[in-house]
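Student:
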Ligand SMILES: [Zn+2]
Ligand SMILES: [Zn+2]
């Protein structure tokens, strides 16, 4: 158990290794050429997301990827790889162009999460993520998504809805950061390794869950130690997927993508009448109001939220 | 001639009369109910443009209109009726919704021009106008546009591409404000009335040019003097157009709209070889560089633009 | 208790200051729909424990506790109803059930509601109250964003309107999927609506958060909420909007006259409707009615 | 004169500081296309005087003077060419002709270029250099925004790419129509690109205009220019982009397998192409090839 926990945490640390190749570094090795496009045609050009055209083994594709910086200066310029809404809107513009001119799409996912700052909220990060997810679900061109490092929640999924989802061996994918999960469920971020294990974040676990389709082994000590070796292993996986997907009729392709996500997330159905009426209002209700929402879900609402909603406290105010 | 000039200027002044009813005032008289929608889902809610649903004589429609303020406070809130990009993007969102749920679109045009401020440029006013014009040209639902006051250049056209374009008797429509035109071509805005006459801005002139399809007479001294009387005359014109357009197959409707704009702007074709080669470079070229661009076109490029591009001056710098 | 009795009489809105307290899904439905018109669907859907998730207590225990406390099977109730005579597909979330968190069951109920709305061509209304995705289901909870957004894209392509009602709180992955995507977004006053937790947001900047950050009025000001509606006015508001937000007519002039494919309306498709029904028994089947794999607008040829 | 000779040798780019001077359309075409590949179309189009416009001189006189000074008939030259072997529809503006202002002739040449590109399924490239709409043609010049944007929407719906090249200056109604709408927008360095005149913009605020306001780099920073390209690199840039920006293939898996209308590609339409040709003789006919009245993506049935 302790070993499993340590192993889970090792994956997280590897996925976050600063030496890990990002979208542009991988493309430099994967592609014969790349042409970057800029701007969302609405507000700006978010350098936390790169997008454009590339040629991979003779396949002309459009690409979208998150891009962290290699040094502090670049990290500041790229907001440490955390996209604002305009980044996802640039991505959507390039996705729609790819569909229009019949280029397949390859995405590279490596993000701690969408930028959580006030400006990101003001300009509609939730809207940008939801629309990007929706667009990818219906885009009439093949999509291959590669989780190369941190697959951080909605900010990752926004460019990770694919016909084939590939993950590098040491990539992780989660609904919330292990620190965030631990601080909510264990009340301390020290339990991040415990949370990492519980959430089954590793590429192999995600493969078992059906969220990831292919895991590509990394060379030696990992991608950070051998960038070109990583690209060399990744290229055939991407090309094989592109070749296979290109043979499908577009309607079937989009239908299969819909079913892929339609089927994710198991549940059961018990034969029972409609939900029984709730208990009399008052105590049961108070109890519910007292339940701390932050215990259940991510991200956390304002700390005051639940207390604000407890009548007595409210009355005191 | 002097009379004609005075008459042309009188129309401009009537079109700008502060008492003239705006989109919401007209709708208050025209419609049995209105439901305003807000926000562009990207950046903000520009109150210089109003949009939503309304019921006119039992016809349920979507509406979009420019909205000046009735007093200073409201004018500040509404930027004196000069929309920013988010205003046109809100309009586009409602237009697409109208198409999707099969509601016809009625637009009310009354704008000195799109907001010319730096923020408007930064967020892409030109892009917003071009996309709104393009969207209206292909929108698969009937569109009736009403020029109610000032039809100010691209900022007006952005919501005025219709199957039927109606103008109130004292409305004006122009490619540039008469003051702007005069200051460029006559080197003084005092010649605005002359420019107004030369540009044939009046509703009747626009009808003769084929830019406007129907001119609705205003009661008494004009719309500003009798708002409800104006609405009473406008309603049947709008309803008649909606009834007629609703009988057309959508494909034919959109095709006719394309042809309407496709045919605007006469030219001639002379039988001649391809353009002759330009004169030897140097003097002729210098002459061209020396031509003041602001003499020819709107809006004016930077004052320095032409001078900046004159080699000698450049060398001095 | 006295104050709570007053609150209940007033749909959990403070008679003194108008503050909107959270409202249980069952009471929300009572308040919104025509009396007795709600017919629940998929009442039996229940969460499983795909990750074998244990924090201080096992996930299944938490579910059982929430079920006991609320009388609900999970954080959403769905079905059909009429509102002012307009038939709608309706899905209502309940914050009281594990903070309204979205796992596979909530995602499935929202998705089936969208698929029913599309198959039956009736408007969709989702009332959100949620802290976001349910951690205990890991990335499978995250995938519910894709599942629901994909279904909403198909609904949109079919010309069937979707009305999103945001209540306190609507945050995280629920806000970043179906809650934000309404053709029209209405929200109750002063509801917490945002993506990232405010603590996280604050952490990213030196200065204070903007006034009213992540509240309804803030979202309205920034263009993501169409209308701010008090609970007392909500039912009338929905009735008013539904007069306009009706599915695009199936019979269209173009098809009547020349049947070209320029027309974008899918035909009503009994097969598709049956498939939608069948899908409830076989969850891993898509309910696609065959017209949905095209981009908007859809080609009807296979309908 | 010496400096001008140097400039000409260098495509009007200052060898000293790299400043890009304006380039005549004929020289622009020479510089961009494969040698001898340009075939002009509609060389005979000429402006008329629909308003009887007279300021200090009659509009027809201004046109004649500009023709004499430039050897052009109006402010744009259009035709077809190959660039690095890629066949394209090309329309190039000339600022030297009445400030590159757009009247009916410029609007018509851009529109026909878009219609040819769609009918022949070859990429469209427009090189803009213009102060905006031509006042002397009044609202008929303004309507060219609608005419060109409508044609570009049909091109887009047909899956045929459009590359916009912005040069100094690209302002007003030209920027606010076809110049800004490129699938990919490239611009020469430090070009003046904006909608409202800077004097007007400045008038609306107390403080100074932002640094570099309405220059290429400003537009790039705000998300409206994809790539900033020097004149010397422009031909290679276009060749590189054309390798990716090719029309969506007509034969599509869906149609090959089941011919559903989910497929959005219009067929190549000889009738449409003939119509496009005929339209040059009868300008008031639409060149619509019958697949264009649908929204994107178009239904092909009438092709
Ligand atoms: Zn109170
Ligand atoms: Zn120089």
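Residue numbers (my numbering), protein chains in the order written: chain C, 2 to 318; chain A, 2 to 318; chain R, 36 to 338; chain B, 36 to 338.
Positions of the beta carbon are idealized from the N, C-alpha and C atoms, including for glycine.
Have a look at the DSSP bridge pairing and note the partners of residue 159/R.
Tutor: DSSP, once it has assigned bridges, lists 124/R and 197/R as partnering residue 159/R.
Student: Taking only heavy atoms of ligand 1 into account, decide whether any of them is closer than 6 Å to the Cβ of residue 55/R.
Tutor: Not under cutoff, so the answer is no.
Student: Return yes when the Cβ of residue 114/R is within less than 7 Å of the Cβ of residue 76/R, no when it is not.
Tutor: Going by C-beta atoms, residue 76/R is nearer than 7 Å to residue 114/R.
Student: Does the Cβ-Cβ distance between residue 164/B and residue 132/B come in under 7 Å?
Tutor: Not a contact, by the Cβ cut-off of 7 Å.
Student: Per DSSP, residue 74/R is paired with what?
Tutor: Residue 74/R pairs with 115/R.
Student: Please list the residues of the region 87-105 of chain A that have a C-beta atom closer than 9 Å to any C-beta atom in chain C, keeping them in chain order.
Tutor: Hits within the stretch, in order: 90.
Student: Can you determine whether any heavy atom of ligand 2 sits closer than 6 Å to the C-beta of residue 51/B, and answer yes or no?
Tutor: Indeed, a heavy atom of ligand 2 lies less than 6 Å from the Cβ.
Student: Is there a Cβ from chain A that is less than 7 Å from the Cβ of residue 151/R?
Tutor: Closer than 7 Å: no.
Student: Taking the alpha helix (DSSP H) that residue 85/C belongs to, which residues open and close that run?
Tutor: Unbroken run through residue 85/C: none, as it is neither H nor E.
Student: By DSSP, does residue 64/B sit in helix, in strand, or in coil?
Tutor: Of the three classes helix, strand and coil, the one that applies to residue 64/B here is helix, per DSSP.
Student: For residue 185/R, decide whether its Cβ has a neighbour in chain C, counting only Cβ atoms nearer than 7 Å.
Tutor: Output row for residue 185/R: interface = yes.
Student: Using beta-carbon positions only, say whether residue 66/A and residue 109/A come within less than 7 Å of one another.
Tutor: For residue 66/A and residue 109/A, yes; Cβs fall inside 7 Å.
Student: Are the C-beta atoms of residue 1/C and some chain A residue less than 7 Å apart?
Tutor: Residue 1/C falls outside the range modelled here, since chain C spans only 2 to 318, and no answer is possible.
Student: Rounding to the nearest angstrom, what Cα-Cα distance links residue 315/B and residue 80/B in this structure?
Tutor: Because residue 315/B carries a pLDDT of 36, less than 50, the predicted location of this residue cannot be relied on, and the following value inherits that uncertainty. If you take the alpha carbons of residue 315/B and residue 80/B, they lie about 10 Å apart.
Student: Could you check the C-alpha separation between residue 250/B and residue 230/B for me, to the nearest Å?
Tutor: Distance between the alpha carbons of residue 250/B and residue 230/B: 11 Å.
Student: Against chain A, which members of the region 160-182 of chain B pass a CB distance test of less than 9 Å?
Tutor: Listed by position along the chain: 165, 166, 167, 168, 169, 170, 171, 172, 173, 174, 175, 176, 177, 178, 179, 180, 181 and 182.
Student: When burial is assigned at 16 or more other CB atoms within 10 Å of the CB, is residue 251/A buried or exposed?
Tutor: Per the 10 Å Cβ criterion, buried.
Student: So with Cβ pairs under 7 Å, would you call residue 77/R a contact of chain A?
Tutor: Not closer than 7 Å to any Cβ of chain A, the Cβ of residue 77/R fails to qualify, so no.
Student: Taking Cβ-Cβ distances shorter than 8 Å, what residues in chain B pair up with residue 39/C?
Tutor: Those within 8 Å of residue 39/C in chain B are 255, 258, 260, 261 and 262.
Student: Anything in the region 44-60 of chain C with a Cβ closer than 7 Å to a Cβ of chain B? List those residues in chain order, please.
Tutor: From the region 44-60 of chain C, only 44, 45, 46 and 54 have a Cβ closer than 7 Å to chain B.
Student: Name the chain B residues whose beta carbon is nearer than 9 Å to that of residue 107/C?
Tutor: The contacting residues do not exist; residue 107/C stays about 13 Å from chain B at best.
Student: Can you tell me the Cβ-Cβ gap for residue 232/C and residue 30/C, rounded? I've got them flagged as a contact below 8 Å.
Tutor: Their Cβ separation, rounded to whole angstroms, is 3 Å, which keeps residue 232/C and residue 30/C in contact under 8 Å.
Student: Using the Cα positions of residue 52/A and residue 149/C, report the straight-line distance between them to the nearest angstrom.
Tutor: Each residue's Cα considered, the two are about 44 Å apart.
Student: Quick one: give me the first and last residue of the alpha helix (DSSP H) that residue 272/R is part of.
Tutor: Unbroken alpha helix (DSSP H) run through residue 272/R: 266-277.
Student: Which residues in the same chain have their Cβ closer than 6 Å to the Cβ of residue 305/R, if we skip the five residues on either side of it in sequence?
Tutor: With a pLDDT of only 37 at residue 305/R, under 50, the local geometry of the prediction cannot be trusted, and the value read off the model is given with reservation. Within the same chain, residue 305/R has no close Cβ partners at all.
Student: Which partner residues of residue 54/C appear in the DSSP bridge assignment?
Tutor: According to DSSP, residue 54/C bridges with 36/C and 63/C.
Student: Can you pull out the residues from the region 128-142 of chain A whose beta carbon lies closer than 7 Å to at least one beta carbon of chain B?
Tutor: Within the region 128-142 of chain A, the qualifying residues are 128, 130, 131, 134, 135, 138, 139 and 141.
Student: So with Cβ pairs under 7 Å, would you call residue 270/B a contact of chain C?
Tutor: No, its Cβ sits nowhere closer than 7 Å to a Cβ of chain C.
Student: Identify each residue in the region 24-37 of chain A for which the Cβ-Cβ distance to at least one residue of chain R is less than 9 Å, and report them in chain order.
Tutor: Cβ contacts with chain R: 34, 36 and 37.
Student: Residues of chain C with CB closer than 9 Å to the CB of residue 155/A, please, in chain order.
Tutor: Those do not exist, as residue 155/A stays about 17 Å from chain C at its closest Cβ, beyond 9 Å.
Student: Helix, strand or coil for residue 155/C per DSSP?
Tutor: Helix, per DSSP.
Student: Where residue 324/R and residue 151/R are concerned, what is the direct C-alpha to C-alpha distance, given to the nearest angstrom?
Tutor: Here the model assigns residue 324/R a pLDDT of 36, short of 50, so the residue's position is not dependable, and the following value carries that caveat. Spanning the two alpha carbons is a distance of roughly 11 Å.
Student: How long is the line joining the alpha carbons of residue 131/C and residue 96/A, rounded to whole angstroms?
Tutor: In a straight line, the C-alpha of residue 131/C is about 21 Å away from that of residue 96/A.
Student: Return the CA-CA distance between residue 179/B and residue 256/C, expressed in angstroms with no decimal places.
Tutor: Taking the straight line from one Cα to the other gives about 41 Å.
Student: Here's the rule: buried if 16 or more other CB atoms are within 10 angstroms of the residue's CB, otherwise exposed. What is residue 152/C?
Tutor: Buried is the call here.
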